[in-house]
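Written below as structure tokens is the structure these notes are about.
Number of protein chains: 4
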Amino acid sequence: MIPRYSRPEMTRIWDPENRFRIWFEIEAHACDAQAKLGVIPADAAKAVWERGAWEIDRIDEIERETKHDVIAFLTNLAEHVGPEARFVHQGMTSSDVLDTCLAVQMTQAADLLLADLDKLLDALKRRALEHKYTATIGRSHGIHAEPTTFGVKLAGHYAAFARNKTRLLAARAEIATCAISGAVGTFANIDPFVEEYVAEKLGLTVEPHSTQVIPRDRHAMFFATLGVIAASLDNLATEVRHLQRSEVREAEEYFSPGQKGSSAMPHKRNPVLSENLSGLSRIVRGYVTPALENVTLWHERDISHSSVERMIGPDATVTLDFALVRATGLIEKLVVYPENLQKNLDMLGGLHNSQRMLLALTQAGMSREDAYRAVQRNAMPVWLEGKDFRTMLKSDADVMKHLTEAAIDDAFDLGYHTKHVDTIFRRVFGE
Amino acid sequence: MIPRYSRPEMTRIWDPENRFRIWFEIEAHACDAQAKLGVIPADAAKAVWERGAWEIDRIDEIERETKHDVIAFLTNLAEHVGPEARFVHQGMTSSDVLDTCLAVQMTQAADLLLADLDKLLDALKRRALEHKYTATIGRSHGIHAEPTTFGVKLAGHYAAFARNKTRLLAARAEIATCAISGAVGTFANIDPFVEEYVAEKLGLTVEPHSTQVIPRDRHAMFFATLGVIAASLDNLATEVRHLQRSEVREAEEYFSPGQKGSSAMPHKRNPVLSENLSGLSRIVRGYVTPALENVTLWHERDISHSSVERMIGPDATVTLDFALVRATGLIEKLVVYPENLQKNLDMLGGLHNSQRMLLALTQAGMSREDAYRAVQRNAMPVWLEGKDFRTMLKSDADVMKHLTEAAIDDAFDLGYHTKHVDTIFRRVFGE
Amino acid sequence: MIPRYSRPEMTRIWDPENRFRIWFEIEAHACDAQAKLGVIPADAAKAVWERGAWEIDRIDEIERETKHDVIAFLTNLAEHVGPEARFVHQGMTSSDVLDTCLAVQMTQAADLLLADLDKLLDALKRRALEHKYTATIGRSHGIHAEPTTFGVKLAGHYAAFARNKTRLLAARAEIATCAISGAVGTFANIDPFVEEYVAEKLGLTVEPHSTQVIPRDRHAMFFATLGVIAASLDNLATEVRHLQRSEVREAEEYFSPGQKGSSAMPHKRNPVLSENLSGLSRIVRGYVTPALENVTLWHERDISHSSVERMIGPDATVTLDFALVRATGLIEKLVVYPENLQKNLDMLGGLHNSQRMLLALTQAGMSREDAYRAVQRNAMPVWLEGKDFRTMLKSDADVMKHLTEAAIDDAFDLGYHTKHVDTIFRRVFGE
Amino acid sequence: MIPRYSRPEMTRIWDPENRFRIWFEIEAHACDAQAKLGVIPADAAKAVWERGAWEIDRIDEIERETKHDVIAFLTNLAEHVGPEARFVHQGMTSSDVLDTCLAVQMTQAADLLLADLDKLLDALKRRALEHKYTATIGRSHGIHAEPTTFGVKLAGHYAAFARNKTRLLAARAEIATCAISGAVGTFANIDPFVEEYVAEKLGLTVEPHSTQVIPRDRHAMFFATLGVIAASLDNLATEVRHLQRSEVREAEEYFSPGQKGSSAMPHKRNPVLSENLSGLSRIVRGYVTPALENVTLWHERDISHSSVERMIGPDATVTLDFALVRATGLIEKLVVYPENLQKNLDMLGGLHNSQRMLLALTQAGMSREDAYRAVQRNAMPVWLEGKDFRTMLKSDADVMKHLTEAAIDDAFDLGYHTKHVDTIFRRVFGE
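Chains as they are written, first to last, in the working numbering: chain L, 451 to 881; chain B, 451 to 881; chain A, 451 to 881; chain V, 451 to 881.
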């Protein structure tokens, strides 16, 4: 996480301000619960809400001395709350605060990422509909195969990110749990009601089984999910990078008129946003392994996971947020060149219809072997000498024995390839 | 995947026999669908089912020549079906068969893994209930903290694997899709009905958008999920490895009476099964990264993912299956030593109750600071000279001003720590 | 590791035959050393060499009973050696045999990989020299930049693999150590001389510090190095995949005349070997993480690393060996299309010389700003209307004030870009 | 990289100050070289050195406009240098500056890490010598095996970090290269002499083959090496974590007298530094995968690697630096408890000598089978009833037929296990 690849909307979640605010709410709600249980006076809980305040500088100052962040916060809080402060944090451990706070931060981050995904989905859908029937050559192995449409391409990415949204919703639910269960998770010093109460107030569910800490398979699943989303981004970015290659140039990242740089080399418009997305994807995927390694803690808990999370928590969410927003802008403004799409589609003199011709001939009664030979002998001059495939076929006596010119034209009709685009769109966009 | 860490139940899924059987079913069901559409004669479809057969040796022989596995299979199939074979595979691409087959194999593998999880869950639950109230010291950072129970420990692992089951069900749904959509996924040469028909027959859902291949974010999510399950296994295995340490010896892997090896060193019972599980977990987690890298394919598809999947498909599922079964046996037969659990619990002369005492004193009206000092001055001789904490406290005048002997005994009551075990069990086991 | 991506030269190293042969040599050499020390009779050592034999089936049979592979081997060996067998393995532990054997296998694997690298280097060098001055457009970001040569391209990959060879030599040295040091590495029951003797006989160095096992940072470094080599393969493969794209087609994987498949679509020559290399690279890179995780063993050793190595030892070396050989064939037979290289080079009407022109104009005294404007106004019609850049420049009065026609022609001379190719080749090939 | 786990010595390397300083030096040295070649006036080069200056704020301001960091820097530099500034950067590309600067930063980082390693090696050596003969039980699988010494343990870690130093020196050499070769690495616009000159001035070697960028297999090897070093740190930290467990307590992290926290629970000294090291190790290892993925760039270069390096460059080096320094402090101050080492060594009533006894009996002429039985029948009561092994043996008639009491005592002599410690130390410390 570096400023260059960060948005304040996400970094804010990981800022001390937000963290301390959440800590305060956990403590204050816990006081309410304890007051309801009669463990502490109701006035004390009220005082916490009313007089509760803190200053980051002061907390830092105390922490330098105590080397303990939660104690530093509580000490500073007590300076504001006064004597009633002794009822704060009663029966709780630092981890109750820290792990529940992390859960809140991760759900906030997930919500922002979900909003990002919605915007990316919107952009992909809009552009897919715009180019629903914009013909393009489909490529397998980087080699021209059969026609498809630019809209179908984008619909595929839409479908992937729709899946990613479902995954992120599941991942959000995984980590949205509250644990206030004490030193080893037995509620020895605090009633489970406090946990239930705080969970509800914070929009979390109760962690059914914690051991001072919330189990880390939840976090692993969360980061693994971010890794999969990042992988989809790389896939999308790679498509754009390919489309923008000098020899292909079917689409280009938007380049603002005033944008300095290579106007002496007007062709030098580099797909730097997409390349950047590929790099950011690597970064986010790289956090999956440490998160998986964090699952194994010793007995009820060790603290080895903590340093990892202090880094990958912000790093993974901030980087993915930035990447999703960048991807959205990329798609929204992507410049598509239909004439180049068509030019490339025509590049091989119609050879991409060879399979279609093979089928037409066999359907017209020719044996598979004969049809194959017929297609092959007409395809070769197209490939080697740049002839036109359709013309070649129409001048082949054997072919013409089985097919009319209209039938051949029909086989070259692009509509043949786009007739089910509507089905695909209905499946993907559900309408 | 090596025989040493494989079970035939899982390797069978990846055997040629199963693969060709699935290929056949895809082709034969597709013929039925095509017949229903009137694209091929109904008799042809019938002939495929009736006379369809193949021999692995013969397929291998043809493949050595054609270097194409699907063509080799179809050729061999045609040798059995006869002239009607020309209606087989019509309008389809090899990937239609290969990707749908992979989907079937992965769902079969997922089903076996789900059954494995059920058995592991059963074992964990049974042992958790057995030791619901078997006291043990809870440890944070490897250091004695507060008491918990052995059953609560196991309940935590149960909860993790219950989550893993939910995750695997979701991952199974992710990869259980059927694609029969042609060279670039446009259904140019085959009606979407065929895909729908075959999907239903094979228990799959229709892939809403394929591009010759099923999108690989699905597979990435599947392997990432296996990685998380493997991580939980490592966590469980590490707990056992710790419990079996010479100095701890609270539990041991079962060691059969006749088991050769170290009977001259009877203490030399090594937690080799658990250590093995830690290793196998690393392997399964290691497959997550290649699966994430597989998501980015060029344009409509390239085939770089294929070699990866040919290896990690079997490797990840076979290894995880073996590990889950091994873990189940480990837990089922785990030898627990309650007397050692108690001995370790008592090891620190009752010091694990120091926090409890602190609370009791403050609740009895002592200021936090005074209580802290009182606990500290009685704790130190326990730690340094091996004194008994309770005895020390009872002979401390200040303490006795605030608490009765009975109150102190009460603070040392294990029931204090186990009073919410039932709540935890209810949350985890739902009963 | 699957047969499809394996060569017998490498799988043989990991076969039981080779393993048992190495075990035997370790034991027999150790007997010689013990005899020299007077610990065992010289006749016993002689008997081991003379009568030493084993049968894999018999070892398997015994192992099924004892569940211990080294004991099974020694038992079978004793059946051949007779009474003197009791002097075999004296003072040794299983790990002395297993870890030293792994070291031998890994050095054998490294030697094969080094030979593979030599062949790949030969192929790259030969083709680089062949195309030393075959002009091609250099591309940054997939966009045409300035000319370079096809030979320079290949020279870059040669340089990378030359570095990889150096790295592999270092990695080989890392893992070529012998440990015969007993249960915790203290030589309590065996003299260090035995280790020194066996090491020398097997071409290994002595492990300075073992703890029953050879430290696993050595193996981690080895697998990390294989990962880097695999990464270079991916880079090379990706270059070929790009060159073979339909729109680029500057080079193609060799396609044998009789090769079945897509002769009806003659353009459908897919870079499947290169794509396969990209996939195999992912697999080999994926083994780096488990190898890194293997470094942390508990105290003097645990056995968690073993299952990982049983899998990634063969998997990583077999897969990389296969990939290197495949890459060598790919480069050796790569079909280069100079006319397409030239066509693509000319594609942008000479615009790739715009920077060169900018420099020429400023060197001729024009201010940087004026030069920029001059180049820009002549570049734009080339880009937008397909004009020829050189023609445009020559008809620009401002430009002609500063440059002669000859000077412009000179700026368009390819030799300008290739004048230092010789320097680069000398640096890379050292001649 | 977060402040909590950062040292200014390393963060400084990645600060804008240092970066711009290096950029300036590259440009100024390049001017000198160009002046020597007669390409630019000598006065211009002199002016750059004399008047060269820059302000970070001003560069930021210009960059916000131009969106190009190198141009922003050059513009600001020109504001100071004046008219001669037009000779700066002539014939160079931004990457010439950026990649060479990264090389300088990485070598600076490597140098700091090498110094860190030296300090860690010093600490390990000092403590190893201190405890050269401090007896401790060696453990395999976490189970007591045979005695070793605390010094031997530490010597093993010393050996690992000595290897790591060698590796890092090699990795440093890998990335210490200078590239000033132009847009595609052909030196079209700049003489190779400039590169050679700047390389020498900056203490780098010449990159033999660059393609606008320095090849990324170099960086991958660098980060992989950091990953291996981090893995060794995890191994060391895990040893300490084990030693500090409540049940083991053979060593403890230093806990300053005034250190707040758990003085009411004096046993609650958590190995938090070591646990932190385990976590930091995961982080550094996690950067290996993105670095490996960075090797594959498209054609002469794409910029996908850049975002990855902007993050993992600082993150990996800063985190590893912090971890190495923390590890050094940990080892320097590690509190070792010899009495606990001895207590644990004696824990099993001498059973760790069972193998030694087995050997003594067979050497005294007993058959292996009989010796085994004799050891076993005396070991069992030790294990099950807490008897003393030596006493048991001395009262076994069969045993006493073969061995004198002195011989048995001899077999229980610790010196038996430590007799080669000197050899090991000589191998490891070379003296």
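All residues carry an ideal CB built from backbone N, CA and C; glycine is no exception. On a predicted model such as this, the values are computed, not experimentally measured, just so you know.
**Message:** Please state the DSSP three-state secondary structure of residue 751 (chain B).
**Reply:** DSSP places residue 751 (chain B) within a strand segment (E or B) once states are collapsed to three.
**Message:** Closer than 7 Å between beta carbons: that is the criterion. Which residues of the segment 755-785 of chain V meet it against chain L?
**Reply:** Of all residues in the segment 755-785 of chain V, 755, 756, 757, 758, 760, 761 have a Cβ within less than 7 Å of some Cβ in chain L.
**Request:** Please say whether residue 759 (chain A) and residue 659 (chain A) have beta carbons closer to each other than 8 Å?
**Result:** Residue 659 (chain A) is not a Cβ neighbour of residue 759 (chain A), given a cutoff of 8 Å.
**Request:** Compile a chain-ordered list of the residues in the segment 819-836 of chain L whose CB is closer than 7 Å to at least one CB of chain A.
**Result:** If the cut-off is 7 Å between Cβ atoms, the segment 819-836 of chain L has 822, 825, 826, 829, 830, 833 near chain A.
**Prompt:** For the segment 730-750 of chain A, which residues have a CB atom closer than 8 Å to at least one CB atom of chain L, in sequence order?
**Reply:** Flagged, chain order: 739, 743.
**Message:** Give me the residue from L:728, L:702, L:857 with the minimum Cα distance to residue 787 (chain L).
**Reply:** Checked all of L:728, L:702, L:857; the closest Cα to residue 787 (chain L) is L:702.
**Request:** From the DSSP output, in three-state form, read off residue 894 (chain A) for me.
**Result:** Outside the displayed span of chain A (451 to 881) sits residue 894 (chain A), for which this structure offers no information.
**Item:** Contacts that residue 639 (chain L) makes with chain B (C-beta to C-beta distance below 8 Å)
**Value:** The contacting residues are 805, 806, 809.
**The alpha helix (DSSP H) enclosing residue 490 (chain A), as first and last residue numbers** = Counting along the chain, residue 490 (chain A) falls outside any alpha helix (DSSP H), and DSSP gives it neither H nor E.
**Asked** Of the choices A:640, A:538, A:648, whose alpha-carbon is the least far from that of residue 551 (chain A)?
**Response** With distances taken between CA atoms, residue 551 (chain A) lies nearest to A:648 out of A:640, A:538, A:648.
**Item:** Local conformation of residue 881 (chain V) per DSSP, three classes
**Value:** The answer is coil: DSSP assigns residue 881 (chain V) none of H, G, I, E or B.
**Prompt:** Excluding sequence positions up to five away, which residues of its chain have a Cβ less than 7 Å from the Cβ of residue 634 (chain V)?
**Reply:** For residue 634 (chain V), where only same-chain residues beyond five positions count, the Cβ hits under 7 Å are 661, 662, 750.
**Asked** Exposed or buried, what is residue 785 (chain V) when buried is set at 16 or more other beta-carbons lying within 10 Å of its beta-carbon?
**Response** The residue is exposed, with fewer than 16 neighbouring Cβ atoms inside 10 Å.
**Asked** According to DSSP, is residue 525 (chain V) helix, strand or coil?
**Response** Reduced to three states, the DSSP call for residue 525 (chain V) is helix.
**Item:** Within-8 Å CB hit, residue 594 (chain B) to chain V
**Value:** It does: the Cβ of residue 594 (chain B) has a partner Cβ on chain V nearer than 8 Å.
**chain L residues whose Cβ lies nearer than 8 Å to that of residue 456 (chain A)** = The contacting residues do not exist; residue 456 (chain A) stays about 24 Å from chain L at best.
**Coil, strand or helix - residue 728 (chain V) by DSSP** = Looking at residue 728 (chain V) - three-state DSSP - the assignment turns out to be helix.
**Asked** When burial is assigned at 16 or more other CB atoms within 10 Å of the CB, is residue 764 (chain B) buried or exposed?
**Response** Only buried fits residue 764 (chain B), as 16 or more other CB atoms lie within 10 angstroms of its CB.
**Request:** With distances taken Cα to Cα, identify the nearest neighbour of residue 539 (chain A) among A:641, A:605, A:722.
**Result:** It is A:641.
**Request:** Write down every uninterrupted run of the alpha helix (DSSP H) in the segment 743-805 of chain B whose length is 4 residues or greater and which is fully enclosed by it, in chain order.
**Result:** Fully enclosed alpha helix (DSSP H) runs of 4 or longer: 754-783, 788-796.
**Item:** residue 810 (chain V) classed as buried or exposed, judged by whether at least 16 other C-beta atoms fall within 10 angstroms
**Value:** Sixteen is the threshold: when 16 or more other Cβ atoms of the shown chains lie within 10 Å of the Cβ of residue 810 (chain V), as they do, the residue is buried.
**Item:** Status (buried if at least 16 other CB within 10 Å, exposed otherwise) for residue 754 (chain L)
**Value:** With 16 or more other Cβ atoms within 10 Å, it is buried.
**Prompt:** Can you check whether the CB of residue 542 (chain A) is closer than 8 Å to the CB of residue 480 (chain A)?
**Reply:** Cβ atoms of residue 480 (chain A) and residue 542 (chain A): closer than 8 Å.
**Asked** For residue 561 (chain A), is the classification buried or exposed, using 16 other Cβ atoms within 10 angstroms of its Cβ as the cut-off for buried?
**Response** It is exposed - the Cβ of residue 561 (chain A) has fewer than 16 other Cβ atoms within 10 Å.
**Request:** Check each candidate in V:840, V:576, V:469 and name the one with the smallest Cα separation from residue 558 (chain V).
**Result:** Out of V:840, V:576, V:469, V:469 has the C-alpha closest to the C-alpha of residue 558 (chain V).
**Prompt:** Smallest Cα separation from residue 645 (chain A): which of A:631, A:636, A:732, A:516?
**Reply:** Measuring C-alpha to C-alpha distances from residue 645 (chain A) to each of A:631, A:636, A:732, A:516 identifies A:631 as the nearest.
**residue 590 (chain B) (DSSP reduced to helix, strand or coil)** = If DSSP states are grouped into helix, strand and coil, residue 590 (chain B) belongs with the strands.
**Asked** What residues in the segment 476-498 of chain V bring their beta carbon closer than 8 Å to a beta carbon of chain A?
**Response** Of all residues in the segment 476-498 of chain V, none places a beta-carbon less than 8 Å from a beta-carbon of chain A.
**Asked** What three-state label does DSSP hand residue 702 (chain A) in the structure shown?
**Response** Three-state DSSP puts residue 702 (chain A) in a strand.
**Request:** Please classify residue 626 (chain L): does DSSP put it in a helix, a strand, or coil?
**Result:** Of the three classes helix, strand and coil, the one that applies to residue 626 (chain L) here is coil, per DSSP.
**Distance between residue 458 (chain A) and residue 452 (chain A) (C-alpha atoms, nearest Å)** = Distance from the CA atom of residue 452 (chain A) to the CA atom of residue 458 (chain A), rounded to whole angstroms, is 11 Å.
**Asked** Using a Cβ-Cβ cut-off of 7 Å (strictly less than) and excluding sequence neighbours within five positions of residue 769 (chain A), which residues of its own chain qualify?
**Response** Here the set comprises 451, 455, 730, 733, 734.
**Message:** Among L:676, L:840, L:748, L:691, whose alpha-carbon lies nearest the alpha-carbon of residue 622 (chain L)?
**Reply:** Selected option, being the one with the closest Cα: L:676.
**Request:** Report yes or no: is there a C-beta of chain A within less than 8 Å of the C-beta of residue 867 (chain V)?
**Result:** Answer yes: the Cβ-Cβ gap between residue 867 (chain V) and chain A drops below 8 Å somewhere.
**Message:** Short of 8 Å Cβ to Cβ, which residues in the segment 694-709 of chain B face chain V?
**Reply:** Residues 694, 695, 696, 697, 698.
**Prompt:** Does the beta-carbon distance from residue 605 (chain L) to residue 578 (chain L) come in below 8 Å?
**Reply:** Yes, the pair counts as a contact, with Cβ atoms nearer than the cut-off.
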